[in-house]
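Engineer: Quick one: this structure, given as structure tokens, is what I'll be asking you about.
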Amino acid sequence: MQNATAVPRDGGSGVPAVRNLDPRMKLLIVLVVGSAALFSPHRALLLWCYAIIAALWLLSGEARRALGFVAVLAAVALAEWGAGFIPNATVAGMVGFLFFIFARSLSTFALIMWMSVGLRIDDLIASLQRLRLPRGLVITIAVVFRYLPTAADEFRKISATMRLRGVELSARNLVLHPGRSLEYVLVPLIIRTIKIADDLAASAMTRGLDLVGARTTYRDVRIGASGALVTAAVLVCTAAGYVAWAVNVL
1 MQNATAVPRD
11 GGSGVPAVRN
21 LDPRMKLLIV
31 LVVGSAALFS
41 PHRALLLWCY
51 AIIAALWLLS
61 GEARRALGFV
71 AVLAAVALAE
81 WGAGFIPNAT
91 VAGMVGFLFF
101 IFARSLSTFA
111 LIMWMSVGLR
121 IDDLIASLQR
131 LRLPRGLVIT
141 IAVVFRYLPT
151 AADEFRKISA
161 TMRLRGVELS
171 ARNLVLHPGR
181 SLEYVLVPLI
191 IRTIKIADDL
201 AASAMTRGLD
211 LVGARTTYRD
221 VRIGASGALV
231 TAAVLVCTAA
241 GYVAWAVNVL
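Position 145 of the sequence shown, counting from 1, maps to 145 under the numbering used here, and the rest follow consecutively.
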């Protein structure tokens with residue numbers, strides 16, 4: 001079966017190039033920058049990776065999310081730094097370790113959320129299959145990125161319902177009533193997750209995700225010159241941060 005006339009992926013000149021990168025390029029950026037942040041040996045290097053992630057959000061036309069991401073990461077980094085001033089050495093070590101792990105894991109989560117912005121699952125599957133990846137891995141990655149926007153939407157609905165019932169998920173309630181606040185969020189979210197999993201499985205079967213053979217695509221899924229340049233620039237900036245740290249510049 002021959003492909004139909006391919007439709008360009010850019011979706012129009014008004015779409016930022018970074019937002020509309022080829023899924024393979026986005027996945028490469030997530031793996032490299034996420035690993036650099038996760039295994040960063042120094043706080044300055046972690047902040048450098050934060051800056052790269054914030055720039056990706058900004059260049060994707062998501063200024064509001066970029067500012068929110070920067071605010072959260074700045075608060076976490078500040079908390080990690082402030083943990084060193086706790087008088088009790090044991091408590092300071094435990095709190096500092098928790099924020100150490102959280103600060104680095106949060107960067108990976110932010111990258112995955114950035115990759116999901118403007119991502120078409122059909123394009124993702126087609127591009128990953130061209131890499132000759134195992135079908136099981138392709139399906140797993142596709143389901144994860146299909147589930148993330150749905151889970152975020154469900155979380156917003158649960159939060160709105162909690163506000164109507166006077167049990168808003170806020171910092172104050174998390175401090176005063178942590179068990180109850182988490183229970184009111186996790187229980188309905190888990191129940192909805194079970195339902196969403198069934199819906200995603202039915203959708204996958206309808207789209208023929210389990211069929212053997214090459215899939216044709218309606219849209220033109222390819223790595224363009226601009227996408228390759230953007231990806232190379234991000235990778236060079238990430239490597240430059242490590243080099244600057246190694247020579248005591250950063």
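Built from N, CA and C at the ideal position, the CB exists for glycine as well.
Counting only the same chain and skipping the five closest in sequence on each side, list residues whose C-beta sits under 6 Å from that of Ala152.
Structural biologist: Working through the sequence shown from its first residue, we reach residue 152 at position 152. If we look at Ala152 and ignore the five residues flanking it on each side, it has no Cβ neighbours.
Engineer: Reducing DSSP to helix, strand and coil, say where Arg222 ends up.
Structural biologist: If you number the sequence shown from 1, residue 222 lands on position 222. If DSSP states are grouped into helix, strand and coil, Arg222 belongs with coil.
Engineer: Can you look up Glu62 in the DSSP assignment and give me helix, strand or coil?
Structural biologist: On the sequence shown, residue 62 is found 62 positions in, with the first residue counted as 1. Of the three classes helix, strand and coil, the one that applies to Glu62 here is coil, per DSSP.
Engineer: Please go through the same chain and pick out, in chain order, the residues whose beta-carbon is closer than 7 Å to the beta-carbon of Val95, but skip the five residues on each side of it.
Structural biologist: If you number the sequence shown from 1, residue 95 lands on position 95. Correct list, in chain order: Ala83, Ile86.
Engineer: Please state whether DSSP places Leu27 in a helix, a strand or coil.
Structural biologist: For this step, residue 27 is matched to residue 27 along the sequence shown. Correct three-state label for Leu27: helix.
Engineer: Give me, in chain order, the residues of the same chain whose beta-carbon lies closer than 8 Å to that of Val72; leave out the 5 immediate sequence neighbours on both sides.
Structural biologist: The residue labelled residue 72 in the question sits at position 72 within the sequence shown. Here the set comprises Leu106.
Engineer: Taking buried to mean at least 16 other C-beta atoms within 10 Å of its own C-beta, is Ile52 buried or exposed?
Structural biologist: Here residue 52 corresponds to residue number 52 of the sequence shown, with the count starting at 1. That one is buried.
Engineer: Would you be able to state if there are at least three C-beta pairs under 8 Å between the stretch 38-54 and the stretch 18-26?
Structural biologist: The stretch 18-26, when compared against the stretch 38-54, does not touch it at the 8 Å Cβ threshold.
Engineer: Nearest-angstrom Cα distance between Leu186 and Val70?
Structural biologist: Your numbering for residue 186 matches position 186 in the sequence shown. Your numbering for residue 70 matches position 70 in the sequence shown. Approximately 26 Å, taken between the alpha carbons.
Engineer: Tell me the rounded alpha-carbon separation between Arg219 and Asp123.
Structural biologist: Here residue 219 is taken as the residue at index 219 of the sequence shown, counted from 1. Here residue 123 is taken as the residue at index 123 of the sequence shown, counted from 1. Between Arg219 and Asp123, the C-alpha separation is close to 8 Å.
Engineer: Reducing DSSP to helix, strand and coil, say where Val7 ends up.
Structural biologist: Your numbering for residue 7 matches position 7 in the sequence shown. Caution is warranted here: a pLDDT of 45 is assigned to Val7, below 50, making its placement in the model unreliable, and the coordinate value is therefore given only provisionally. Strand, per DSSP.
Engineer: Suppose the cutoff is 7 Å on Cβ atoms and the five residues either side in sequence are ignored; what does the same chain contact list for Arg19 look like?
Structural biologist: What you label residue 19 is simply residue 19 of the sequence shown in a count that begins at 1. For Arg19, where only same-chain residues beyond five positions count, the Cβ hits under 7 Å are Ser60, Gly61, Val117, Gly118.
Engineer: Quick one: what's got a C-beta closer than 8 Å to Ile138's C-beta in the same chain, skipping five residues either side?
Structural biologist: Locating residue 138 in the sequence shown gives position 138, counting from the first residue. The amino acid occupying residue 138 in the given sequence is Val; Ile does not appear at that position. Ile125, Leu128, Gln129.
Engineer: If you draw a straight line from the alpha carbon of Trp245 to that of Phe39, how long is it in whole angstroms?
Structural biologist: Taking the first residue of the sequence shown as position 1, residue 245 is located at position 245. Taking the first residue of the sequence shown as position 1, residue 39 is located at position 39. Their Cα atoms are separated by approximately 13 Å.
Engineer: How is Ile86 classed by DSSP in three states: helix, strand or coil?
Structural biologist: Reading the sequence shown from its first residue, position 86 is the one you call residue 86. Coil, per DSSP.
Engineer: Just mark Ala231 as buried or exposed, buried being the case when its beta carbon has 16 or more other beta carbons within 10 Å.
Structural biologist: Stepping through the sequence shown from its first residue, residue 231 is reached at position 231. Before going on, a small fix: residue 231 reads as Thr here, not Ala. By the neighbour-count rule (16 or more Cβ atoms within 10 Å), Thr231 is buried.
Engineer: Suppose you measure from the CA of Ala233 to the CA of Ala74; what does that come to, to the nearest Å?
Structural biologist: On the sequence shown, position 233 is the one that residue 233 refers to. On the sequence shown, position 74 is the one that residue 74 refers to. Approximately 24 Å between the Cα atoms of the pair.
Engineer: Below 8 Å between beta carbons: does that hold for Leu47 and Ala79?
Structural biologist: As a first step, residue 47 must be located in the sequence shown, where it is residue number 47. As a first step, residue 79 must be located in the sequence shown, where it is residue number 79. No. Outside cutoff.
Engineer: For Ala160, count neighbouring Cβ atoms within 10 angstroms of its own Cβ and tell me buried if that reaches 16, exposed if not.
Structural biologist: Here residue 160 refers to the residue found at position 160 of the sequence shown. Per the 10 Å Cβ criterion, exposed.
Engineer: From this set, Ile112, Leu21, Thr90, Ile101, which residue's C-alpha is nearest Val30's C-alpha?
Structural biologist: Working through the sequence shown from its first residue, we reach residue 30 at position 30. Residue Ile112 is the option with its Cα nearest to Val30.
Engineer: In the structure shown, what three-state DSSP assignment does Arg120 receive?
Structural biologist: As a working mapping, residue 120 is identified with position 120 in the sequence shown. Coil at Arg120, not helix or strand.
Engineer: If Ile158 sits next to Leu182, beta carbons under 8 Å apart, how far is it from one beta carbon to the other, in whole angstroms?
Structural biologist: Along the sequence shown, one-based indexing puts residue 158 at 158. Along the sequence shown, one-based indexing puts residue 182 at 182. 12 Å between Cβ atoms; not a contact.
Engineer: Let me make sure I understand the geometry here. Which of Ala92, His42, Ala110, Met115 has the alpha-carbon closest to that of Leu67?
Structural biologist: In the sequence shown, residue 67 corresponds to position 67, counting from 1. It is Ala110.
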